[in-house]
Amino acid sequence: MSIDVVLQVLVGGILVGGLYALVAFGLSLIYGVVRILNFAHGTILAVTGVVASLIFARWQLSPVLIFILLVPSVFLLGAVFYRGLLHPLERRSPLEATIGTVLVTVGALLILSDVTAVLAGPTQRNIMLRSPVIEVGNIVISVTQLAILAAIVVMTLVIHAVLKATWFGIAVRAVTQEPIAAELCGARSLQVKTLTFGVGSATVAIAAVLYVLTFPVDPYMGFGLTVKAFTIIVVGGIGNLPGALIVGVLLGVAEGLVGLFWGPEWSPAISVILLLLILVAFPAGIRWRRG
Amino acid sequence: MKRFKHIPQFLTWLTGITAAIATVGFAGSTPANAKIGSCTEPIVFGTTISESGPFSTLTSNWRKMTEIFAEEINKEGGIKLASCDGKSVPLKFAIYDDQSVPATAVQLYERMASVDQVDFFVGPDWSSLGGPVPPIAERHGIPIVMGNVATPSLYQRGYKWVWGTPAPAVPRWSERYFDMLTHVQPKPQTIFFLTHDNPVMKAITAFWSKKAAAQGLKVVGEETFSADLKDFTALIAKVRGAKPDIVYLSSFDNPSVPLVQQLRQLKVHAMDVHHTMLTGALAKQVGNDLEGMTGELTWFPSVKGPYADLFDRVMQRTGITMFDSIWTLARLDSYIVMIQAIEKAGSVDREKVQKALYKGTFKSPAGDIVFDEHGFPDTGAFTIQMQNGKVQVIWPPDVATAKPMWPSPTWQ
């Protein structure tokens, strides 16, 4: 097998891994602050992707406009979803609240998938832009792919900066570390949690628009993505964005290489295998060294 | 515990509502009222259609099509029965939605046999349903002609009441395409098989990779992919590395959408990329990416075989075309074969119809259907190519609507 073939797979793996990381950012943020495992997280990507491709097919809007239209909408829906359905469960006992959030998020996953399939059809859709390609030897990279990679890097930096340098970021960290003290300092925990759920959902909407520019989506693909995002945040660490990006890219590359050397039918399983291996090898979690 | 005190009351309500829904559901379903052996009552075909669930995209408007088919048959007098002094008896269908779920299909066929007491079974489709349904026909001694159940091994279980009209049958799926490959210039030397992980598609690859090798084509790769796979980079990198003359995609249309798009995106070069399910649905999803690709079509209206006008009329009234709904021929064939078997038997006596199905040749617009000893047909398909956004039949030459564009310019 020539080196070109392996390099082509590495390029594809980095792209898809970056998208996985972007999905995982939102999940990590939500779990870090709200302490809810949102099983519908990947389904938000699938549904947003379907809506984006429908808008493109109907009005031929530029992906940038679709992005501007969808990201705030999903932010709003995420915030309403939290306030309307998940927040009331916090008044229950810890056990009931945990079971309740699982039921609500799994229920949302099923309802969102089925309603989208009924309204838009269960078939795959995407926004396939025919862009010029750059050929380096036998390696082919499209300009769209390069733009997506650049967008992933920019989004990672923006999210990182928001969490480090803004009031919202400071409040998020305060609520995560010490909710009562944060409340006493003026960071209202309900508002912060609602905003976080909205931002987490908006992050996955960003990933959705980038995803449909190169891969098709269908209403039922969400749960597989959620499992990958779980793997990334377990391995990369909750709230650790650079860690999530590294693990996301590694996962994407691992899927590509498994597909190349073992067979593409095994690629989807690698995230679960990786998760199990790491849970067995590092039961206390991986500690990423800082500085 | 206070919180749970209303649960028994809730369960009572839930049971009541479920019972009410079930009653309304059964009352609203199609009652067949068949009278077996009657010369006055309609002959009832019991069938299920996958109107919901994952296969529903393949069966759009089939309920309407089935009802129109019965109307058209009855307009021409119905089904002729020698046992009724040559009198014709109308045809009626009992139709249910199997939800693309094997267990639901099993329940519905059991219901049609025991409660509706239909005369004969036609359908279902898809190999996943074609496995568990035949034992019901066997148990009740009801002849069944299934539609799109294309896996040969499902027929090889010693059944006595089971036939099928999948079109094309696996051993004849790409027969005309491979025949074309022996006639085109420049002649292809190598072939790469990409297979969707599905029993029918794997059976097609298993059969045609051997045929390709026997024909002198070197098989330079065989890869399988799951229906959920979105990123085909690794697989396409292997194809690019192998540089085959022919890329043969053995896949249902929907799972191959990203594959077709990424083959174009990653600039794969070949003499031809052949798709076993080059359908209108795929064309709608990938658009111009299909240009120049070849595929199979079971029948098209300009081939004027027996019943061609009837099928064309039924499809026109329903508003579907063969390219948009390639599974339609096998469905309609299952109906027309059962009608011919009844007319040959001259009676609705199930044993006589069973004997008629064992022998003889059955007429279809795409050509004669002859069953092997297991009830499996020998239906073939025509080779098509997307040329300037339109589907053209390119092989065999005697029925072709255009010449093959070879090598396909869009893959150069």
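In order, the protein sequences belong to chains A and B. Remember, the numbering used here sits 146 above the position in the first sequence when you count from 1. Remember, the numbering used here sits 876 above the position in the second sequence when you count from 1. Cβ atoms here follow ideal geometry from the backbone N, Cα and C, with glycine treated the same way.
Nearest-angstrom Cα distance between residue i and residue j?
i, j, result
"residue 319/A", "residue 155/A", "38 Å"
"residue 1001/B", "residue 1236/B", "23 Å"
"residue 249/A", "residue 238/A", "14 Å"
"residue 364/A", "residue 290/A", "21 Å"
"residue 267/A", "residue 1161/B", "12 Å"
"residue 440/A", "residue 296/A", "This structure cannot settle anything about residue 440/A, because the visible part of chain A is limited to 147 through 437."
"residue 1058/B", "residue 1146/B", "17 Å"
"residue 957/B", "residue 950/B", "14 Å"
"residue 240/A", "residue 415/A", "33 Å"
"residue 1155/B", "residue 1201/B", "7 Å"
"residue 308/A", "residue 230/A", "26 Å"
"residue 1128/B", "residue 389/A", "39 Å"
"residue 400/A", "residue 285/A", "19 Å"
"residue 1052/B", "residue 1260/B", "10 Å"
"residue 261/A", "residue 935/B", "19 Å"
"residue 271/A", "residue 358/A", "8 Å"
"residue 944/B", "residue 223/A", "45 Å"
"residue 198/A", "residue 355/A", "7 Å"
"residue 233/A", "residue 243/A", "9 Å"
"residue 323/A", "residue 1203/B", "59 Å"
"residue 906/B", "residue 1183/B", "Bear in mind that the predicted position of residue 906/B carries a pLDDT of just 45, short of 50, making it unreliable; the figure below should be weighed with that in mind. Taking the straight line joining both Cα atoms gives about 27 Å."
"residue 409/A", "residue 980/B", "34 Å"
"residue 1239/B", "residue 1056/B", "26 Å"
"residue 236/A", "residue 1011/B", "52 Å"
"residue 891/B", "residue 933/B", "Per-residue confidence for residue 891/B stands at a pLDDT of 48, beneath the threshold of 50, marking its modelled position as unreliable; the derived number appears in the next sentence. Looking at the two C-alpha atoms, the distance is approximately 33 Å."
"residue 1086/B", "residue 1054/B", "12 Å"
"residue 1082/B", "residue 1172/B", "17 Å"
"residue 991/B", "residue 1189/B", "33 Å"
Leaving out five residues before and five after residue i in sequence, what residues of the same chain have Cβ atoms less than 8 Å from its Cβ?
i, result
"residue 437/A", "Here residue 437/A scores only 43 on pLDDT, less than 50, and its place in the model should not be relied on; the value that follows carries that caveat. Result list for residue 437/A: empty, nothing under 8 Å."
"residue 186/A", "251, 252, 254, 255, 258, 368 and 372"
"residue 1132/B", "1072, 1125, 1151, 1153 and 1158"
"residue 1245/B", "1041, 1209, 1213, 1237, 1238, 1239, 1253, 1254 and 1255"
"residue 194/A", "216, 220, 350, 351, 354 and 355"
Less than 7 Å between C-beta atoms, sequence neighbours within five positions excluded: which residues of the same chain meet that for residue i?
i, result
"residue 301/A", "168 and 352"
"residue 1026/B", "1003, 1042, 1045, 1046 and 1076"
"residue 150/A", "283, 284 and 285"
"residue 163/A", "394, 395, 396, 397, 398 and 399"
"residue 971/B", "906, 923, 925, 939 and 942"
Can you name, in chain order, every residue of its own chain whose Cβ lies under 6 Å from the Cβ of residue i, other than the five neighbours on each side?
i, result
"residue 202/A", "273"
"residue 901/B", "Bear in mind that the predicted position of residue 901/B carries a pLDDT of just 44, short of 50, making it unreliable; the figure below should be weighed with that in mind. Nothing meets the Cβ criterion."
"residue 1140/B", "1165"
"residue 1207/B", "1023"
"residue 1008/B", "978 and 982"
"residue 997/B", "922, 1013, 1018 and 1020"
"residue 903/B", "Only weak support is given to the placement of residue 903/B: the predicted model assigns it a pLDDT of 41, under 50, and the value that follows is read from those uncertain coordinates. Taken in chain order, the list of residues that qualify is empty."
"residue 329/A", "335"
Tell me residue i's beta-bridge partners as DSSP assigns them.
i, result
"residue 1104/B", "DSSP, once it has assigned bridges, lists no residue as partnering residue 1104/B."
"residue 1124/B", "1069/B and 1150/B"
"residue 1188/B", "According to DSSP, which records beta bridges pairwise, residue 1188/B is partnered with nothing at all."
"residue 288/A", "279/A"
"residue 1114/B", "Answer is none; residue 1114/B lacks a bridge partner."
"residue 1261/B", "1170/B and 1268/B"
"residue 1039/B", "1021/B"
"residue 972/B", "924/B"
"residue 1094/B", "1066/B"
"residue 1099/B", "1070/B"
Compute the minimum distance between the beta carbon of residue i and the heavy atoms of the ligand COA, and state whether it is under 6 Å.
i, result
"residue 1075/B", "What this structure holds is no ligand at all, so the ligand COA is not there to describe."
* **Residue ranges of each alpha helix (DSSP H) within the stretch 1191-1249 of chain B, 4 or longer** => Complete alpha helix (DSSP H) runs here, min 4: 1204-1221 and 1226-1234.
* Asked: Residue ranges of each beta strand (DSSP E) run of no fewer than 3 residues wholly in the stretch 925-964 of chain B, ordered along the chain?
  -> Counting whole runs of 3 or more residues, the stretch 925-964 of chain B contains the beta strand (DSSP E) stretches 955-957.
* Residues of the stretch 1078-1106 of chain B with a CB closer than 9 Å to any CB of chain A: list them in chain order, please. => If you check each beta-carbon in the stretch 1078-1106 of chain B against every beta-carbon of chain A, the ones closer than 9 Å belong to 1099, 1100, 1101, 1102, 1104, 1105 and 1106.
* To do: With a floor of 3 residues, list each beta strand (DSSP E) that falls wholly inside the stretch 1139-1177 of chain B, ordered by position along the chain.
  => Correct list: 1148-1151 and 1170-1173.
* Give, in chain order, every residue of the stretch 1121-1134 of chain B whose Cβ lies closer than 7 Å to some Cβ of chain A. => Listed by position along the chain: 1130, 1133 and 1134.
* Residues of the stretch 262-282 of chain A with Cβ closer than 8 Å to any Cβ of chain B, in chain order -> For the stretch 262-282 of chain A, the beta-carbon criterion of a distance under 8 Å to any beta-carbon of chain B is satisfied by 267, 268, 269, 270, 271, 272, 274, 279 and 281.
* **chain A contacts from the stretch 1133-1157 of chain B (Cβ-Cβ distance under 8 Å)** => Under the 8 Å Cβ criterion, the stretch 1133-1157 of chain B contributes 1133, 1134, 1137, 1141, 1142, 1143 and 1157.
* Asked: At a Cβ cut of 9 Å, what residues of the stretch 366-382 of chain A count as close to chain B, listed as they run along the chain?
  -> Residues of the stretch 366-382 of chain A with a C-beta less than 9 Å from any C-beta of chain B: 366, 367 and 370, listed in chain order.
* Asked: Between the stretch 149-160 of chain A and chain B, which residues of the former have a C-beta closer than 7 Å to a C-beta of the latter?
  -> From the stretch 149-160 of chain A, only 151, 154, 155 and 158 have a Cβ closer than 7 Å to chain B.
* To do: Please go through the stretch 179-222 of chain A and give each complete alpha helix (DSSP H) segment of 4 or more residues, from N-terminal end onward.
  => Listed in chain order, they are 187-205.
* In chain order, what residues of the stretch 917-933 of chain B put their CB closer than 7 Å to some CB of chain A? -> Listed in chain order, the positions of the stretch 917-933 of chain B with a beta carbon within less than 7 Å of a beta carbon of chain A are 930 and 933.
* Asked: Considering only residues of the stretch 985-1030 of chain B, which uninterrupted beta strand (DSSP E) runs meet the minimum length of 3 residues and lie entirely inside it, listed in chain order?
  -> With a minimum length of 3 residues, the continuous beta strand (DSSP E) runs that stay inside the stretch 985-1030 of chain B are 996-998 and 1020-1022.
* To do: May I ask you to list, following chain order, the residues of the stretch 938-963 of chain B that have a beta carbon less than 8 Å from some beta carbon of chain A?
  => Result list empty, no residue passes.
* To do: Identify every run of the alpha helix (DSSP H) within the stretch 233-278 of chain A, keeping only runs that are complete inside it and at least 4 residues long; order them along the chain.
  => Runs found: 240-266.
* What are the residues of the stretch 297-314 of chain A that lie near chain B, defined by any Cβ-Cβ distance shorter than 9 Å? -> Taking 9 Å as the Cβ-Cβ cut-off against chain B, none of the residues of the stretch 297-314 of chain A qualify.
* Residues, ordered as in the chain, of the stretch 402-417 of chain A that lie near chain B by beta-carbon distance below 7 Å -> Per Cβ criterion, the list reads 402, 405, 406, 409, 410, 411, 413 and 414.
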